[in-house]
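Going by our numbering, the first residue of the sequence shown is number 6, and it counts up by one from there.
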Amino acid sequence: MAGVYSVTQVNSYIKNMFTQDFLLRRIAVKGEVSNCKYHSSGHIYFTLKDSGGTLSAVMFAGQRRGLSFRLSEGQQVVVKGTVDVYERDGKYQLYASEIELSGRGDLYLRFEKLLRELEEMGMFAAQYKKPIPRYAKTVGIVTAPTGAAIRDIMNISARRNPYVQLILYPALVQGAGAKESIVRGIRMLDAMGLDVLIVGRGGGSIEDLWAFNEEAVARAIFACRTPVISAVGHETDVTISDYVADLRAPTPSAAAELAVFDYFQFQSELTARKQKLYREMSFHLSQSRAKLKQAELSLKTHHPRHQLLEKRHRLADLEERLLSQITERARKDAEKGRLRAERLEALMERRLEADKRRLAVKSERLWGLSPLKQLSRGYAFATDEKGKRLQSVRQAPVGSAITVHVTDGRLVACVRENQEESHG
């Protein structure tokens, strides 16, 4: 064997060959876009295809500044860039630096023109967007009666909530008469007073989706009183209906999830909320019972009967204390009175003894001065008729009656003569 090369050596050799080929350094390739994916990093990965083959392509985030439209499935484009080999995988691909629409550019021009006109009219304004009801019971669907879109909506609706009523208007979604059919479906279902409408179809090329870029369809959606969810194509497909509708769903399946609430999840949440409510009610009820019991005890404590009994006890204690104080004070007062009486009695006795002595002395003195004592010695004294003692003969004129007092009685006499003696 002449020579054995490693995979890396072969890939490197092929890369050098591509690098040295001037044609591949700057090339323009025409084809239809497929497998278009927008990566979170900002890169766009897609495939160019025609009737005879496919070519992998990538546009890095740094090159996207020159891209004036959103790349999507089915577009006919001209991609300018470089064909090179990715050594690690041993694959070659087209590294795009510029992308232009080809063939169907007139449709995109019409799309952009109508988009600007309707935006200037305010048909995309947020204040006109109606809220989607959370618990819809009736859902209208304007789409083709056959195809993946209606099947996905029905399957997801049945899985999420079998009690929701789906009403289908079988519309033409592409080709001649499609826009008129869609407009009639929107107006007919809107007149039925449903909770929400889903207007859309499955994916396809820009020609296939063009009915949802028509001004008549946009105006019908804008005039619809029922909230409208637009679900046209795949996630990367964007139509004017998406801008006018009250809510855009990336796919018909997503539209069904947005329109039909999950009954079983709702039931589970409701059960959980019930249990939580019961727990909280039990907790608050227990607290309330405890507070009531405490209030009952407090009420009993503050009951008038209890208060009266307590006041009576307190009054009895006060009476007993007051009686004890009074008794003690009376005892003390009695003791003081007894002592005072004893002192007074002793004082009185002393004073009586002194008075007795003084009386004896005075009696002795008085007896010494008493007429009776004088009378006992042989003296007498006389009084007039009125009992007034006679001290002068002038007081007893002749003929007047006098009384003479002697030791053992009285003598009543009549004055026959009075003689006045001179003391000289």
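Just so you know, even glycine gets a beta-carbon here, dropped at the ideal spot from N, CA and C.
- Following the DSSP letters along the chain, one finds residue 273 inside the alpha helix (DSSP H) bounded by residues 268-306.
- Within the model, the alpha-carbon separation for residue 408 versus residue 357 is close to 39 Å.
- Secondary structure at residue 37: strand, using DSSP grouped into helix, strand and coil.
- Non-local C-beta neighbours of residue 405 in its own chain, meaning closer than 8 Å and more than five positions away in sequence, comprise 389, 390, 419 and 420, ordered along the chain.
- The segment 23-37 and the segment 49-58 touch, with no fewer than 3 CB-CB distances between them shorter than 8 Å.
- 191 is the residue among 73, 191, 163 and 123 whose C-alpha sits nearest the C-alpha of residue 146.
- Measuring C-alpha to C-alpha distances from residue 263 to each of 144, 321, 280 and 278 identifies 144 as the nearest.
- Taking residue 256 as the centre and dropping the five residues before and after it, the same chain places the C-beta of 236, 239 and 240 closer than 7 Å to its C-beta, in chain order.
- Note: residue 235 is bridge-paired with 204 and 253 in the DSSP secondary-structure output.
- The straight-line gap separating the alpha-carbon atoms of residue 269 and residue 97 is approximately 50 Å.
- Within its own chain, the residues whose Cβ lies closer than 6 Å to the Cβ of residue 251, once the five positions on either side in sequence are excluded, are 134, 135, 232 and 233, listed in chain order.
- With fewer than 16 neighbouring CB atoms inside 10 Å of its own CB, residue 353 falls in the exposed class.
- Looking at the backbone, the Cα of residue 195 and that of residue 228 are separated by about 10 Å.
- Relative to residue 93, the option among 155, 10, 177 and 14 whose CA is nearest is 14.
- When DSSP reads this structure, residue 322 sits in no beta bridge, so it has no partner.
- Taking a 10 Å sphere around the C-beta of residue 188, we find 16 or more other C-beta atoms and assign the residue as buried.
- When rounded, the separation of the alpha-carbon atoms in residue 364 and residue 349 is 21 Å.
- The segment 172-182 makes contact with the segment 145-160, as at least three CB pairs between them are under 8 Å.
- Counting only runs of at least 4 residues, the segment 88-144 fully encloses the following alpha helix (DSSP H) elements, listed from N- to C-terminal order: 110-125.
- For residue 28 and residue 63, the gap between their C-alpha atoms comes out near 19 Å.
- Under the DSSP definition of a beta bridge, residue 229 lacks any partner.
- Minimum Cα-Cα distance from residue 213 among the listed residues 198, 207, 221 and 179 corresponds to 179.
- Taking 9 Å as the cut-off, the beta carbon of residue 100 is found no closer than this to the beta carbon of residue 211.
- Contact check for residue 120 against residue 248 passes: the beta carbons are separated by less than 9 Å.
- Rounded to the nearest whole angstrom, the C-alpha separation of residue 281 and residue 205 is 41 Å.
- A direct Cα-to-Cα measurement between residue 201 and residue 193 gives close to 13 Å.
- Residue 32 places its beta carbon 9 Å or farther from that of residue 76.
- Pairing residue 89 with residue 25, the inter-Cα distance amounts to about 10 Å.
- Under a 10 Å Cβ-count criterion, residue 253 is classified as buried, with 16 or more other Cβ atoms of the shown protein chains found around its own Cβ.
- Counting only the Cα atoms, residue 295 lies some 16 Å from residue 306.
- In its chain, beyond the 5 residues on either side, 216, 219, 221 and 222 have a beta carbon closer than 8 Å to the beta carbon of residue 184.
- Residue 16 and residue 66 have their C-alpha atoms roughly 26 Å apart.
- As computed with DSSP, residue 174 is found in a beta bridge with 147.
- Measuring C-alpha to C-alpha distances from residue 61 to each of 276, 84 and 47 identifies 84 as the nearest.
- Between residue 242 and the set 271, 79, 197 and 387, the nearest pair of CA atoms involves 79.
- According to DSSP, residue pairing for residue 179 in a beta bridge does not occur.
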